[in-house]
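*Asks:* Dropping a structure here in structure tokens format, bear with me for questions.
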Amino acid sequence: MTAAFAEWPDLAVRTLGGGVVAANDELFAAKENLVRTEPPTHLPHTFGSKGQVYDGWETRRRREPGHDWAVVRLGVPGVVRGVVVDTSFFAGNFPPECSVEACRTDGYPSPDELRGWHTLVPRSALRGDARNAFPVHAGGVVTHVRLTIHPDGGVARLRVHGEPVPDPRPFAHLPLDLAAAVNGGRVLAASDRFHGRPENLLLPGNAATMGDGWETARRRDDGNDWVQVTLGGRGEIGVVELDTTHFVGNAPAAAALRGRDGAGPWVGVLPRTRLQPDTPHRFVVVGTPRVTEVRLDVYPDGGLARLRCHGRLTPDAYEALLRRWQR
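Taken in order, the sequence shown gives residues 97 to 423; the numbers are from the numbering used here.
Given below as structure tokens:
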């Protein structure tokens, strides 16, 4: 069963800029694997110079008291709602227990400069070859997490799900992508996610493959597919980007974008517009209202690589984000 907090984005994932900045040991498998985007894999009887190759982080067997640890810089600062310590394929070599701490250090600190650690997940039992989910109730914005394993062993992935709270100060006088995950955008709902996750639409950079986008199943009715996104803040959209790169025979025939302010009525931002396969489309939209959410409708189905809503935060939205960041 998927934990409820998994609906929040993974703030630590590599595609959002997350990274493993330090670990006390990584003899058997590299610490960087903890934040890889793709699910862990395993090829039995695949040996390197240090033994079986594992898709994860694995430390040597301890012969003295103590524990092992790894520090992860979140790709986007935020309020953590839950943590998944994934021990997939680590069956005889998983840690029996783990704990997770977090801290907030603004700017670009070195690992030695991190201070103010507090507990997100107390020392807890782990199951081997399993996705161990831990809800988190501690509030406050954090920038780094530290996974401690007791005493040693291997972890495939560390997922840190939460509400993104980016530093708004760079946005004070500049346009930005209001829908981007790194700017606080988040998928609220989608009609279908059969072939690809709608959350991919909001990732940074260009999609490397079709699998990096959102793709729905083939519709056999008269309806259409859609995705609803909450923006990083209330804003005015000036340019909409609908990127169908890599979607050659399965791009939507057309798309439309609507927006709304809070619980207000939906209003048009981009009317139903024809799309081409394997093409980054950019549309200038004029006189759009201030909105906090958008809904992208695709006709009738298909896939897109990215959705961008370039615009500016309203002054009140910027001030609200700044107050939250400074709490």
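Even glycine gets a Cβ: it sits at the ideal position worked out from N, Cα and C.
On a predicted model such as this, the values are computed, not experimentally measured, just so you know.
List in chain order: all unbroken beta strand (DSSP E) runs of 3+ residues lying wholly within the stretch 307 to 341.
*Replies:* Counting only runs of 3 or more, we get 321 to 339.
*Asks:* When the Cα atoms are used, what is the spatial distance from residue 181 to residue 235?
*Replies:* Start at 1 with the first residue of the sequence shown, and residue 181 comes out as number 85. Start at 1 with the first residue of the sequence shown, and residue 235 comes out as number 139. The straight-line gap from Cα to Cα measures roughly 20 Å.
*Asks:* Which residues in the same chain as residue 338 place their Cβ atom closer than 7 Å to its Cβ, once the five residues preceding and following it in sequence are excluded?
*Replies:* Walking along the sequence shown from the start, residue 338 turns up at place 242. Contacts found: 351, 371, 377, 400, 403.
*Asks:* Going by C-alpha distance, which of 302, 301, 412 is nearest residue 425?
*Replies:* No answer is possible for residue 425: it lies beyond the span of the chain, which begins at 97 and ends at 423.
*Asks:* Does DSSP put residue 148 in a helix, a strand or coil?
*Replies:* The residue given as residue 148 occupies position 52 in the sequence shown. In this structure, residue 148 counts as strand in the three-state DSSP scheme.
*Asks:* Is the Cβ-Cβ distance between residue 391 and residue 362 less than 8 Å?
*Replies:* The residue given as residue 391 occupies position 295 in the sequence shown. The residue given as residue 362 occupies position 266 in the sequence shown. For residue 391 and residue 362, yes; Cβs fall inside 8 Å.
*Asks:* Hey, how far is the Cα of residue 380 from the Cα of residue 334?
*Replies:* Here residue 380 refers to the residue found at position 284 when the sequence shown is read from its first residue. Here residue 334 refers to the residue found at position 238 when the sequence shown is read from its first residue. Looking at the two C-alpha atoms, the distance is approximately 6 Å.
*Asks:* Kindly indicate which three-state DSSP category residue 192 falls into: helix, strand or coil?
*Replies:* Here residue 192 corresponds to residue number 96 of the sequence shown, with the count starting at 1. Of the three classes helix, strand and coil, the one that applies to residue 192 here is coil, per DSSP.
*Asks:* Less than 8 Å between the CB atoms is what I'm expecting for residue 125 and residue 250, so what's the real figure, rounded?
*Replies:* Residue numbering aside, residue 125 sits at position 29 when the sequence shown is read from its first letter. Residue numbering aside, residue 250 sits at position 154 when the sequence shown is read from its first letter. Yes, they are in contact, since the Cβ atoms of residue 125 and residue 250 sit about 6 Å apart, within 8 Å.
*Asks:* Spell out the partners DSSP gives residue 407 in its beta bridges.
*Replies:* Here residue 407 refers to the residue found at position 311 of the sequence shown. According to DSSP, which records beta bridges pairwise, residue 407 is partnered with 272, 333.
*Asks:* Quick check on DSSP: helix, strand or coil for residue 208?
*Replies:* The residue you call residue 208 lines up with position 112 of the sequence shown. Helix at residue 208.
*Asks:* Let me make sure I understand the geometry here. Which of 154, 268, 263, 160 has the alpha-carbon closest to that of residue 420?
*Replies:* Locating residue 420 in the sequence shown gives position 324, counting from the first residue. Checked all of 154, 268, 263, 160; the closest Cα to residue 420 is 263.
*Asks:* At the level of alpha carbons, what is the spacing between residue 397 and residue 313?
*Replies:* Numbered from 1 along the sequence shown, position 301 holds the residue referred to as residue 397. Numbered from 1 along the sequence shown, position 217 holds the residue referred to as residue 313. The alpha-carbon atoms of residue 397 and residue 313 are separated by roughly 7 Å.
*Asks:* Only counting the same chain, and skipping five residues up and downstream in sequence, which positions put a Cβ closer than 6 Å to that of residue 118?
*Replies:* On the sequence shown, position 22 is the one that residue 118 refers to. Excluding sequence neighbours, residue 118 sits near 167, 207.
*Asks:* Are residue 165 and residue 244 touching if we call contact CB-CB under 8 Å?
*Replies:* On the sequence shown, residue 165 is found 69 positions in, with the first residue counted as 1. On the sequence shown, residue 244 is found 148 positions in, with the first residue counted as 1. Yes, they are a contact pair.
*Asks:* Distance, Cα to Cα, residue 100 vs residue 325?
*Replies:* On the sequence shown, position 4 is the one that residue 100 refers to. On the sequence shown, position 229 is the one that residue 325 refers to. In a straight line, the C-alpha of residue 100 is about 18 Å away from that of residue 325.
*Asks:* In three-state terms, what does DSSP make of residue 278?
*Replies:* If you number the sequence shown from 1, residue 278 lands on position 182. If DSSP states are grouped into helix, strand and coil, residue 278 belongs with the helices.
*Asks:* Could you tell me the alpha carbon to alpha carbon distance between residue 239 and residue 174, rounded to whole angstroms?
*Replies:* Against the sequence shown, residue 239 aligns to sequence position 143. Against the sequence shown, residue 174 aligns to sequence position 78. Each residue's Cα considered, the two are about 7 Å apart.
*Asks:* Let me check one thing: in DSSP terms, what residues is residue 115 bridge-paired to?
*Replies:* Walking along the sequence shown from the start, residue 115 turns up at place 19. Looking at the DSSP assignment, residue 115 forms a beta bridge with 169.
*Asks:* Suppose the cutoff is 8 Å on Cβ atoms and the five residues either side in sequence are ignored; what does the same chain contact list for residue 107 look like?
*Replies:* By one-based count along the sequence shown, residue 107 stands at place 11. The answer, listed in chain order, is 114, 170, 171, 172, 173, 174, 176, 256, 257, 258, 260.
*Asks:* Spatial neighbours of residue 157 within its chain, please: CB distance less than 8 Å, with the 5 preceding and 5 following residues excluded, ordered by chain position.
*Replies:* Indexing the sequence shown from 1 puts residue 157 at position 61. Taken in chain order, the residues that qualify are 248.
*Asks:* Using a 10 Å radius around the Cβ and a threshold of 16 neighbouring Cβ atoms, would you call residue 266 buried or exposed?
*Replies:* On the sequence shown, residue 266 is found 170 positions in, with the first residue counted as 1. Under this definition residue 266 is an exposed residue.
*Asks:* Within 8 Å, do at least three Cβ pairs link the stretch 180 to 198 to the stretch 270 to 288?
*Replies:* Output reads no: the stretch 180 to 198 does not touch the stretch 270 to 288.
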